[in-house]
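Below: one structure, written as structure tokens.
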Amino acid sequence: MYATRLPAMEKYGVAPNGETVTEDLKTKIPPHIRWQAENYNHLHEQPTVFYAVALSLALIGDSHPYTVYAAWGYTGLRIIHSLIHATVNKVMARFSVFGTSSVVVAGLTARLAQLVF
19 MYATRLPAME
29 KYGVAPNGET
39 VTEDLKTKIP
49 PHIRWQAENY
59 NHLHEQPTVF
69 YAVALSLALI
79 GDSHPYTVYA
89 AWGYTGLRII
99 HSLIHATVNK
109 VMARFSVFGT
119 SSVVVAGLTA
129 RLAQLVF
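If you read the sequence shown in the numbering used here, its first letter stands for residue 19, the second for the next number, and so on.
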């Protein structure tokens with residue numbers, strides 16, 4: 019993100035200070051550069067649920083193969099989602115990967131609930 023966004027901010031005249039707002043970035047910086055920052059922001063949303071669930075499953079000692087496959091599957095899907103978002107940003111492709119990863123994290127959450135309750 020820093021390798022592309024900061025040079026773009028300088029190139030397009032957006033000052034990197036406390037007065038810069040999202041609207042400045044949206045109107046002055048090309049979309050393909052903004053996508054990377056937006057993807058970074060998205061990694062603080064649903065993946066944080068995955069981190070909490072995966073850590074909880076690990077702490078209670080769940081090492082069932084399906085749990086491990088699901089966790090790695092989710093990780094792979096999020097990597098694919100990030101690559102799509104940061105490069106071509108095809109919404110339907112992103113949505114299908116996001117939807118699939120949502121089902122996986124829901125399954126992991128259900129597994130955690132099953133083991134805890």
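The beta carbon of each residue, even a glycine, is placed where N, CA and C say it ideally should be.
Remark: C-beta atoms of residue 100 and residue 35 do not approach each other more closely than 9 Å. Annotation: the continuous alpha helix (DSSP H) that includes residue 59 extends over 49-60. Take the alpha-carbon of residue 112 and the one of residue 71: they are about 23 Å apart.
A residue is called buried once 16 or more other Cβ atoms fall within 10 Å of its Cβ, and residue 69, having fewer, is exposed. Rounded to whole angstroms, the separation of the alpha carbons of residue 45 and residue 123 is 35 Å.
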